[in-house]
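Residue 87 in our numbering sits at position 84 of the sequence shown, with consecutive numbering throughout.
We put the beta carbon where it would ideally sit given N, CA and C, even for glycine.
If you're wondering where the values come from, they're calculated on a predicted model, not measured in any experiment.
Report on the structure given below.
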Amino acid sequence: PAEDGSLQQNVKVSLRIPSQFQANPPFPSDESIKIEERQEMTIYSTQFGGYAKEVDYVDYAAKLKSALGSEAAYRKDFYFCNGYDPPMKPYGRRNEVWFVKE
Numbered sequence: 004p005a006e007d008g009s010l011q012q013n014v015k016v017s018l019r020i021p022s023q024f025q026a027n028p029p030f031p032s033d034e035s036i037k038i039e040e041r042q043e044m045t046i047y048s049t050q051f052g053g054y055a056k057e058v059d060y061v062d063y064a065a066k067l068k069s070a071l072g073s074e075a076a077y078r079k080d081f082y083f084c085n086g087y088d089p090p091m092k093p094y095g096r097r098n099e100v101w102f103v104k105e
């Protein structure tokens, strides 16, 4: 996030490779697609519904920060904004904000 709380637009679409394919994932046929191995992480998370806009992610990040208080140790230089649903799903949508625990 920027100092004013707005999001800096660094967007990456990530999909989890199912467990049975993680040891030997299929090779992407499109060179713009990369397989990225991530370290295990622990997160603080909050969930909300609806069609998420930037303002929603910023608002829920502020709520999560407030709920955690000053004692929680987490990365303050970035957070993850997650949406799980296709655009045509009108109800029961799931969005999350993640802070990565230090």
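Between the options, which has its C-alpha nearest residue i's C-alpha?
i: F81; options: F51, I46, K92, Y54; result: I46
i: E57; options: K104, Q11, E105; result: Q11
i: D7; options: S35, A65, L71; result: A65
i: I38; options: Q23, S17, G72, K104; result: S17
i: G95; options: P21, S35, S69, G52; result: G52
i: K15; options: C84, M91, P90; result: C84
i: Y87; options: F30, Q50, V61, E74; result: Q50
i: Q25; options: E34, R41, S32; result: R41
Is it the case that the Cβ atoms of residue i and residue j are separated by a distance below 8 Å?
i: N13; j: A55; result: no
i: R78; j: E43; result: no
i: V103; j: L67; result: no
i: P28; j: I36; result: no
Return the bridge partner residues of residue i from the DSSP annotation.
i: Y82; result: Paired residue(s): none; Y82 is not in a bridge.
i: F30; result: In DSSP, F30 forms no bridge with anything.
i: E99; result: Q50, N85
Along the chain, which unbroken stretches of the beta strand (DSSP E) at least 3 residues long are found entirely within the region 35-75? At a cut-off of 3 residues, the continuous stretches assigned as beta strand (DSSP E) that sit fully inside the region 35-75 are 46-51.
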